[in-house]
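A.B. asks: Encoded as structure tokens, here's the structure I'll be asking about.
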Amino acid sequence: MIAVAKALKIIGREVRALPAERVAIEDAVGRVLAEDIVADSDMPPFDRSQMDGYAVRAADAKDAPAVLKLVGESAAGRGWKGRLKAGEAVRIMTGAPLPAGADSVQKIELTQETDGTVIINEPTAEGRFIVPKGKEVKKGKVVLRRGERLSASNIAVPAAFGYAKVKVSKRPRVAILATGTEIVPIENRPKPDQIRNSNSLMLASLCQAAGAEAVILPTVGDKLSELTAAIAAAAKTADVVITTGGVSVGKYDLTKEAIAGLEAEVIFEKVKLKPGKPTVFARLKKAFFFGLPGNPVSAAVTFHLFVRRALMRMQSASAIDLPSGFAVIDGEAKGTRERDSYLPASLATDANGRLLAVPLRWHGSSDFIGFASAEALVRIPAGTSLTSGEVCEVLFL
Ligand code: AMP
Ligand code: MG
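To convert, note that position 256 of the sequence shown is 362 in the numbering used here; the numbers rise steadily by one, no gaps.
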């Protein structure tokens, strides 16, 4: 049985990066950049007005009200080509280039235009309401680094700098195989001794959120020959095979026997972790194999800790683990003697603005309904417990 930290280190070491590919930017959200994104121009590319109003020379309006001659208009996409002289103003719109010779903008609310002239009612400082060329970024600067994941919040960046195609890491292909004679499809009405397969869809969704492509395979029962054949077939095309169920010590827990028959190289098969002790990590020819416990909460926790890290490594992501931080625990949380525990919690803030981790009321590691409202996992190191008010480490889900 190995420590969680050791298991994480092993995964980080064993798993190699997949190659990169170029994809249309429209298909790139969720993918990890395999190239730096570089600004191909200054941003803004010209001195840009922040307001609808009048471009002026600040010196002309210092004794406002000042009457200036209106000599033209600068609109977004139709800049004024002339050069502003003393005593002149140009009507300007938000996003339009500042005319040469102007050094300030006065907003429309503080002006009055009457045929051919504009009255500037209040003085305006040099540089007022202007974003100078290159203020946000200079041409040639790296604006997103390789290893970052493209998302709804940052996709505008490569779009603004002309990356119609972007180089990203290939998506890991994951095959998901639920095992267990009791497991039936979601659409079935289970017999009294059957359980619907909730794991496969949960894991497929977690894989997708981690940037991988997941295929859900037909469930196999607790029968060695079928299990072995299904795992062997999955390992032929997938980069990662995930099974759930059958990794404990019961008579019908056959996963380890199945992979042994396939000459898997078992890297670890027991982790000092609660929930998720019997997690198996192995190499199966070119694929990696994760044998996760069947218990839905254990499967989720072991995915978050281990599988996620492997998928991120394959994509050369710079952040390979769930984001983590510290919170004040609001309630008691008991650890175990020799295993690190990861307890589900919701998050809140107290009146002083401190982040609180509130342990969920739940009925142990099979309670996936309670677990569904978890926003974080509280880490309780082996041999310790937390009393209310203590600072603890949390992983944000
Ligand atoms: P096992 O790891 O095979 O001992 O299974 C542990 C528990 O998880 C049992 O109660 C199983 O019925 C349940 N379980 C196993 N596989 C799944 C699944 N795919 N979906 C939902 N529950 C499952
Ligand atoms: Mg089972």
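Cβ coordinates follow ideal geometry from the N, Cα and C atoms, glycine included.
(1) In the structure shown, what three-state DSSP assignment does D148 receive?
(2) Is it right to say I475 is buried, meaning 16 or more other beta carbons lie within 10 angstroms of its own, or is it exposed?
(3) Taking G400 as the reference, which of A370, Y358, D436, G441 has the closest Cα?
(4) Give the DSSP bridge partners of S180, in chain order.
(5) Looking at V290 and L139, is the spacing between their C-beta atoms short of 8 Å?
(6) Pair every Cβ in the region 168-178 with every Cβ in the region 257-273, then say whether three or more of these pairs are closer than 8 Å.
(7) Taking the beta carbon of P205 as the centre, do at least 16 other beta carbons fall within 10 Å, making it buried, or is it exposed?
(8) Do R445 and A480 have their C-beta atoms closer together than 8 Å?
(9) Along the chain, where does the beta strand (DSSP E) containing G476 start, and where does it finish?
(10) Is it right to say N294 is buried, meaning 16 or more other beta carbons lie within 10 angstroms of its own, or is it exposed?
(11) Give me, in chain order, the residues of the same chain whose beta-carbon lies closer than 8 Å to that of P465; leave out the 5 immediate sequence neighbours on both sides.
(12) Answer with buried or exposed for I292, where buried requires no fewer than 16 other C-beta atoms within 10 angstroms of its C-beta.
(13) Suppose you measure from the CA of N513 to the CA of F432; what does that come to, to the nearest Å?
(14) What residue does the alpha helix (DSSP H) around L330 start on, and which one ends it?
(15) For ligand 2, is there a heavy atom less than 7 Å away from the beta-carbon of D299?
(16) Less than 8 Å between the CB atoms is what I'm expecting for T334 and G367, so what's the real figure, rounded?
(17) Under the assumption that F235 contacts V196 (Cβ atoms under 8 Å), give the Cβ distance between them as a whole number of angstroms.
(18) Cα-Cα, which of R119, K115, E499 is closest to P429?
(19) DSSP has D446 in a bridge; who is on the other side?
(20) Mind listing, in chain order, the continuous beta strand (DSSP E) runs of no fewer than 3 residues lying wholly within the region 216-295?
(21) Classify R414 as helix, strand or coil using the three-state DSSP reduction.
(22) So, for I225: in the same chain, excluding its five sequence neighbours on each side, which residues have a beta-carbon less than 6 Å away from its beta-carbon?
(23) Count the C-beta pairs between the region 277-286 and the region 347-356 that are closer than 8 Å, then say yes if the count reaches three, no if not.
(24) Comparing C-alpha positions only, which one of S491, E120, E141 sits nearest to V129?
C.D. replies: Quick look at the numbers:
(1) coil
(2) exposed
(3) Y358
(4) I198
(5) no
(6) no
(7) buried
(8) no
(9) No beta strand (DSSP E) contains G476, which is instead part of the alpha helix (DSSP H) from 474-477.
(10) exposed
(11) I435, D436, G437, E438, A439, L449, P450, A451, V484
(12) exposed
(13) With the chain represented from 107 up to 503, any question about residue 513 goes unanswered, as that position is not in the structure.
(14) 330-343
(15) no
(16) 5 Å
(17) No, F235 and V196 are not in contact; Cβ-Cβ is about 13 Å, not under 8 Å.
(18) E499
(19) L379
(20) 217-220, 223-226, 248-250, 271-275, 279-284
(21) helix
(22) P171, V173, Q218
(23) yes
(24) E141
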